[in-house]
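Take a look at the structure set out below.
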Amino acid sequence: MSNLSHAVSRRRTFAIISHPDAGKTTLTEKLLLFGGAIQMAGAVKARGEQRRAHSDWMKVERERGISVASSVMTFDYADCTFNLLDTPGHEDFSEDTYRVLTAVDSAVMVIDAAKGIEEQTRKLFEVCRLRDVPIMTFINKLDREGQDPFHLLDEIEQSLALDVTPASWPIGMGKAFLGCYDLWKDQLILMERSKGGMPGLGAPCTGLDDPELDRQLPALAVEALRHDVEMARALCKPFDIQAYREGHMTPVFFGSAVNNFGVRELLDGLAGQAPPPRPQPCVERPIMPTEPHVTGVVFKVQANMDPRHRDRIAFVRLASGHFKRGMKLKHVRSGKIMTMHNPVMFLAQDRGLAEEAFPGDIIGVPNHGNLAIGDALTEGEELHFTGIPRFAPELLQKVRPRDPLRAKHLGKALLQLAEEGAARVFKPRFGADWIVGVVGALQFEVMADRIRTEYEVPVIFEPTSLFTARWVESTDPVALKKMIDANQASIADDHEDQPVFLARNAWHLDRTAEDHPDVRFLKTKG
Ligand code: G4P
Numbered sequence: 001m002s003n004l005s006h007a008v009s010r011r012r013t014f015a016i017i018s019h020p021d022a023g024k025t026t027l028t029e030k031l032l033l034f035g036g037a038i039q040m041a042g043a044v045k046a047r048g049e050q051r052r053a054h055s056d057w058m059k060v061e062r063e064r065g066i067s068v069a070s071s072v073m074t075f076d077y078a079d080c081t082f083n084l085l086d087t088p089g090h091e092d093f094s095e096d097t098y099r100v101l102t103a104v105d106s107a108v109m110v111i112d113a114a115k116g117i118e119e120q121t122r123k124l125f126e127v128c129r130l131r132d133v134p135i136m137t138f139i140n141k142l143d144r145e146g147q148d149p150f151h152l153l154d155e156i157e158q159s160l161a162l163d164v165t166p167a168s169w170p171i172g173m174g175k176a177f178l179g180c181y182d183l184w185k186d187q188l189i190l191m192e193r194s195k196g197g198m199p200g201l202g203a204p205c206t207g208l209d210d211p212e213l214d215r216q217l218p219a220l221a222v223e224a225l226r227h228d229v230e231m232a233r234a235l236c237k238p239f240d241i242q243a244y245r246e247g248h249m250t251p252v253f254f255g256s257a258v259n260n261f262g263v264r265e266l267l268d269g270l271a272g273q274a275p276p277p278r279p280q281p282c283v284e285r286p287i288m289p290t291e292p293h294v295t296g297v298v299f300k301v302q303a304n305m306d307p308r309h310r311d312r313i314a315f316v317r318l319a320s321g322h323f324k325r326g327m328k329l330k331h332v333r334s335g336k337i338m339t340m341h342n343p344v345m346f347l348a349q350d351r352g353l354a355e356e357a358f359p360g361d362i363i364g365v366p367n368h369g370n371l372a373i374g375d376a377l378t379e380g381e382e383l384h385f386t387g388i389p390r391f392a393p394e395l396l397q398k399v400r401p402r403d404p405l406r407a408k409h410l411g412k413a414l415l416q417l418a419e420e421g422a423a424r425v426f427k428p429r430f431g432a433d434w435i436v437g438v439v440g441a442l443q444f445e446v447m448a449d450r451i452r453t454e455y456e457v458p459v460i461f462e463p464t465s466l467f468t469a470r471w472v473e474s475t476d477p478v479a480l481k482k483m484i485d486a487n488q489a490s491i492a493d494d495h496e497d498q499p500v501f502l503a504r505n506a507w508h509l510d511r512t513a514e515d516h517p518d519v520r521f522l523k524t525k526g
């Protein structure tokens with residue numbers, strides 16, 4: 001196997017999706033701990049209430065360095081290199097969150113055993129489903145009383161329309177939680193109660209009938225385990241790697257992240273079963289990771305640490321080839337050649353300069369705002385990646401400058417922020433106000449803060465009666481023009497001059513769509 005194929009086969013680029021408080025931060029810390037990337041858990045970032053506190057979050061955003069450094073975490077485990085991409089979640093839920101999920105090859109869904117599937121998990125899952133991203137499930141907090149495992153499996157299967165298959169089975173729960181039986185390796189894993197202790201491994205078993213289990217566990221627990229597993233095997237399909245990799249089946253691990261429990265099994269599962277980098281879709285052809293020429297796509301842009309400077313970091317996911325520092329790459333959209341003098345690699349604690357990188361890896365490319373989301377970098381080929389959709393914003397507000405004389409400056413700021421992907425910006429064909437669309441409410445405040453500090457334009461956001469935005473498209477230009485002419489007052493242009501329909505309510509949207517059957521009203525745009 002060539003150096004490149006070998007490197008590709010051992011890459012695992014993934015993200016964690018979850019609802020706030022399910023344990024994403026804790027699990028991230030523990031994954032890094034097992035991967036040897038950090039010595040002591042607790043170093044990833046501020047957590048819990050503190051992290052979610054509003055003022056703190058703004059401060060973190062302003063300092064930027066922290067959120068950039070924890071955006072991608074790279075660690076090695078079991079002869080694989082893992083890239084864990086952070087999905088900004090919680091109240092700062094934004095389009096970035098969605099886009100990060102277009103840059104991963106698989107995801108881990110963390111569920112709180114007491115709460116089951118929650119809203120944010122479902123939303124993020126739907127984004128994964130758009131691209132059939134394979135998902136491993138980690139049911140967390142087994143050290144607390146939670147829902148019955150069968151109920152949880154059933155909920156995942158029913159509410160997400162996904163086949164489930166247990167990869168491990170819990171023995172007891174809450175105070176009576178003794179550990180899990182690893183169904184993939186036929187091994188007993190015993191819970192170590194002291195905080196921070198590593199879970200003990202029982203002797204490998206020959207199966208559930210192995211008398212070793214009777215020696216290690218109380219009689220009642222063994223009986224319940226045998227009974228449950230028999231039932232689970234009868235109810236669930238056996239693990240099928242193809243169904244998993246196509247996004248139709250999720251293996252389920254049970255554990256307790258805070259107790260380090262189940263983390264090693266999850267990592268082994270990812271190393272053994274999760275897919276290596278997949279081909280990346282392009283207008284021209286799919287790009288295979290093992291192609292020798294270096295190609296990559298920008299999936300996220302972040303303003304740099306110092307808000308007074310216009311520099312940005314473009315996050316590039318390598319799609320093919322062996323990248324080396326100092327390479328010259330063509331920025332396809334502008335036709336300019338860029339020398340990769342100081343690309344950034346993301347290690348858990350430190351940002352280091354990238355010397356080399358492989359498909360599936362993320363490099364940060366500092367630039368002055370010329371790299372935008374969706375842009376391709378290649379060794380010369382004209383490629384146009386298609387995998388990064390735009391999502392219609394769910395919240396729309398009007399924005400105007402406090403000082404009307406600053407309207408032009410505001411326009412410039414909004415366009416730059418839109419290019420960076422911080423929000424959608426629409427200019428209605430009638431009226432002077434800009435409309436800003438976001439997917440998470442906190443983004444309005446972040447925008448206002450950034451426009452004030454970075455562009456020196458104090459602004460006012462005001463609610464609108466708008467319900468949603470849809471990009472409008474048609475293969476028939478006459479039909480499209482007819483629709484636009486008939487709805488002038490509801491048409492705006494996005495920052496790339498693409499027409500958008502701003503609906504006042506669901507009825508307005510449905511009605512207009514019905515009246516113009518040849519026009520497509522798109523929630524996402526490729
Ligand atoms: P998030 O990133 O998904 O929002 O969750 P985070 O890891 O911050 O965890 C949320 C809370 O759940 C934390 O408690 C954390 O300690 C706790 N937690 C995580 N995993 C487990 C587990 O396996 N068992 C139990 N019992 N709790 C778990 P907190 O009170 O908010 O913070 P802290 O004071 O404990 O740090």
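Counting with the UniProt record's numbering, you get residues 1 to 526 for the letters of the sequence shown. Glycine is no exception: its CB is placed at the ideal position from the N, C-alpha and C atoms.
Per DSSP, what kind of secondary structure is residue i in: helix, strand or coil?
i, result
"residue 515", "helix"
"residue 83", "strand"
"residue 525", "strand"
"residue 500", "strand"
"residue 507", "helix"
"residue 283", "coil"
"residue 239", "coil"
"residue 5", "helix"
"residue 180", "strand"
"residue 395", "strand"
"residue 52", "Confidence at residue 52 is low in this model, with a pLDDT of 37, below 50, so its placement is unreliable and no value can be given for it."
"residue 188", "strand"
"residue 104", "coil"
"residue 60", "Confidence is the limiting factor: at residue 60 the pLDDT is only 38, short of 50, which leaves the residue's position unreliable, though a coordinate-based value still follows. Of the three classes helix, strand and coil, the one that applies to residue 60 here is helix, per DSSP."
"residue 418", "helix"
"residue 315", "strand"
"residue 217", "coil"
Candidates the options: which alpha carbon is nearest residue i's?
i, options, result
"residue 115", "136, 471, 147 and 373", "147"
"residue 345", "335, 322, 315 and 217", "315"
"residue 154", "145, 166, 143 and 144", "166"
"residue 341", "334, 333, 355 and 332", "355"
"residue 465", "129, 397 and 267", "397"
"residue 503", "492, 497 and 496", "492"
"residue 360", "2, 11 and 4", "11"
"residue 405", "343, 149, 132 and 432", "432"
"residue 239", "446, 253 and 226", "253"
"residue 476", "408, 484 and 506", "484"
"residue 7", "23, 33 and 277", "277"
"residue 285", "386, 456, 525 and 294", "386"
"residue 487", "495, 412, 494 and 511", "511"
"residue 419", "129, 467 and 300", "300"
"residue 524", "328, 19 and 102", "102"
"residue 509", "244, 471, 374 and 157", "471"
"residue 173", "499, 498 and 145", "145"
"residue 27", "81, 209 and 259", "259"
DSSP has residue i in a bridge; who is on the other side?
i, result
"residue 340", "None, per the DSSP bridge assignment."
"residue 112", "116 and 140"
"residue 328", "339"
"residue 554", "As shown, the chain starts at 1 and ends at 526. That puts residue 554 outside it, with no answer to give."
"residue 471", "500 and 522"
"residue 226", "Paired residue(s): none; residue 226 is not in a bridge."
"residue 356", "324"
"residue 303", "312"
"residue 363", "316"
"residue 135", "107"
"residue 461", "399"
Does any heavy atom of the ligand G4P sit closer than 8 Å to the C-beta of residue i?
i, result
"residue 166", "no"
"residue 339", "no"
"residue 261", "yes"
"residue 331", "no"
"residue 20", "yes"
"residue 110", "yes"
"residue 159", "no"
"residue 367", "no"
"residue 257", "yes"
"residue 141", "yes"
"residue 264", "no"
"residue 144", "yes"
Any heavy atom of the ligand SAH within a distance shorter than 8 Å of the CB on residue i?
i, result
"residue 25", "Ligands in the displayed structure: the ligand G4P; the ligand SAH is not one of them."
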